[in-house]
Amino acid sequence: MVSEFMLQQTPAARVTPVWLAWIERWPTPAALASEPVGEAVRAWGRLGYPRRAQRLHAAASAIVQRFAGQVPADEADLRSLPGVGEYTAAAIASFAHARRALVLDTNVRRVLARLDGGEAFPPASISKTERTRAEAWLPDDPHAAALWAVASMELGAQVCIATGRPVCGRCPVADDCAWRAAGYPEWDGPERKAQTYAGTDRQCRGALLAVLRDADAPVPRAKVLAAWRTDAEQASRALASLLDDGLVRLDCAGDLTL
DNA sequence: CAGACGTGGTA
DNA sequence: TTACCAAGTCT
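Numbering (our numbering), first residue to last: 318 to 575.
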């Protein structure tokens with residue numbers, strides 16, 4: 318569950334060291350839930366999207382309170398936890414509990430779009446067609462389904478990759494691939510819009526939060542805002558949103574902490 | 001359903 | 001150097 322949270326939109330290579338330290342420090346949901354959420358945000362380091370740390374901490378608390386400290390195996394129960402969406406619930410049910418679940422991440426979606434759909438990429442948002450298609454591939458036996466889930470995801474991550482040319486020479490189903498058979502037609506769907514970052518509120522929030530993550534004591538407001546000199550108004554607004562999100566808190570002296 | 005939400009690696 | 005994007009979730 319911890320790894321799945323960390324892997325949401327974050328490459329595995331960057332997750333590994335943080336995950337190792339996290340699991341050693343907090344081996345159980347109860348261990349994590351017993352510490353302040355700010356410690357989770359700090360331990361999250363530079364993985365990005367720090368609200369995931371906040372949600373993981375909240376999920377741990379919910380597991381202690383509602384599931385006797387045990388990570389649930391049922392998808393609906395998993396979905397009731399903060400930060401656990403369609404993908405993560407299926408992944409935990411499948412990988413951790415060997416349940417039959419539709420694990421449809423960006424890798425599997427791409428594999429099926431090519432293998433079955435004959436297109437270079439899946440649509441921007443997950444469609445009914447994709448779920449139906451994926452369901453048809455999923456074996457009935459739970460253990461076989463769980464194996465299919467890891468295998469299809471890994472195939473997408475290592476072989477049927479998003480960037481550059483796929484490594485079809487190492488693909489076990491290359492001969493069955495509709496996209497390959499069609500001669501690798503270019504993606505003709507809507508432009509995949511580049512995500513901007515420089516100068517955004519996201520970058521600003523990250524800069525402010527980094528100050529608090531690296532500090533071992535509460536920091537005066539002015540000192541936090543000084544981490545974003547380019548636009549004082551933006552910094553002020555970003556800090557307000559961080560406070561609003563609960564990622565940053567005000568101590569009794571008026572200083573800021575995680 | 002589009003847009004917000006971090007960060008860093010690769011081509 | 002810019003552009004893309006990486007095991008998504010929430011609003």
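Glycine is no exception: its CB is placed at the ideal position from the N, C-alpha and C atoms. This one's a predicted model, so the numbers in the text were calculated from it and none came from an experiment.
Q. How would you label TYR404, buried or exposed, when you count the other beta carbons within 10 angstroms and need 16 or more for buried?
A. That one is buried.
Q: Reducing DSSP to helix, strand and coil, say where VAL536 ends up.
A: Of the three classes helix, strand and coil, the one that applies to VAL536 here is strand, per DSSP.
(Q) Taking DSSP's pairing of strands, which residues face THR574 in a bridge? (A) In the DSSP secondary-structure assignment, THR574 is bridged to ARG566.
Q | Which of helix, strand or coil DSSP assigns to TYR501 | A | DSSP places TYR501 in coil when its eight states are reduced to three.
Q) Is it a yes or a no for the region 465-480 touching the region 423-439, going by three-plus beta-carbon pairs under 8 Å? A) With a cut-off of 8 Å on Cβ pairs, the region 465-480 is in contact with the region 423-439, counting three or more such pairs.
(Q) What does the Cβ neighbour count give for GLU550, buried or exposed, with the cut at 16 atoms within 10 Å? (A) Flag for GLU550 reads exposed.
Q.
If I measure Cβ to Cβ from GLY506 and keep anything under 7 Å in the same chain, skipping five residues before and after, which residues do I get?
A. Within the same chain, GLY506 has close Cβ partners PHE438 and PRO440.
Q: Return the first residue and the last residue of the alpha helix (DSSP H) that ILE577 is part of.
A: Absent from the structure is residue 577, since the part of the chain shown begins at 318 and ends at 575.
Q. How is the alpha helix (DSSP H) around ALA329 delimited, first residue to last?
A. From DSSP, the alpha helix (DSSP H) with ALA329 extends over 329-342.
Q | Cβ-based neighbour list, GLY402, same chain, cut-off 8 Å, excluding 5 preceding and 5 following | A | So the qualifying residues of the chain are ARG396.
Q. Among the residues of its own chain, which have a CB less than 8 Å from the CB of VAL335, if the five just before and after it don't count?
A. Listed in chain order, the non-local C-beta contacts of VAL335 below 8 Å within the same chain comprise MET323, ALA360, TRP361, GLY362 and LEU364, local neighbours out to five positions each way being set aside.
Q: Any chance you could list the beta strand (DSSP E) runs of at least 3 consecutive residues sitting entirely within the region 369-410, in chain order?
A: The region 369-410 contains no whole beta strand (DSSP E) run of 3 or more residues.
Q: Measure the C-alpha to C-alpha separation of THR345 and GLY386 and round it to an integer number of angstroms.
A: CA-CA distance, THR345 to GLY386, rounds to 8 Å.
Q) In whole angstroms, what separates the C-alpha of ASP458 from that of ARG416? A) Rounded to the nearest angstrom, the gap between the Cα atoms of ASP458 and ARG416 is 9 Å.
(Q) Considering only their Cβ atoms, is the gap separating TRP496 from ARG426 smaller than 8 Å? (A) No. Outside cutoff.
(Q) Any heavy atom of the ligand ADP inside 7 Å of the beta-carbon of ALA360? (A) The ligand ADP is not part of this structure, which contains no ligands at all.
Q.
Quick check: the Cα distance between ALA524 and TYR514, rounded to an integer number of angstroms?
A. Rounded to the nearest angstrom, the two C-alpha atoms are 12 Å apart.
Q: Return the first residue and the last residue of the alpha helix (DSSP H) that LYS445 is part of.
A: Counting along the chain, the alpha helix (DSSP H) containing LYS445 begins and ends at 445-454.
Q) Are GLU452 and LEU419 close, meaning C-beta to C-beta below 8 Å? A) Taking 8 Å as the Cβ cut-off, GLU452 and LEU419 qualify as a contacting pair.
Q) Do the region 464-472 and the region 535-542 touch if we need at least three Cβ pairs shorter than 8 Å? A) Judged by Cβ distances under 8 Å, the region 464-472 makes no contact with the region 535-542, as fewer than three pairs qualify.
Q. What's the gap between the Cα of CYS485 and the Cα of ALA498?
A. In a straight line, the C-alpha of CYS485 is about 12 Å away from that of ALA498.
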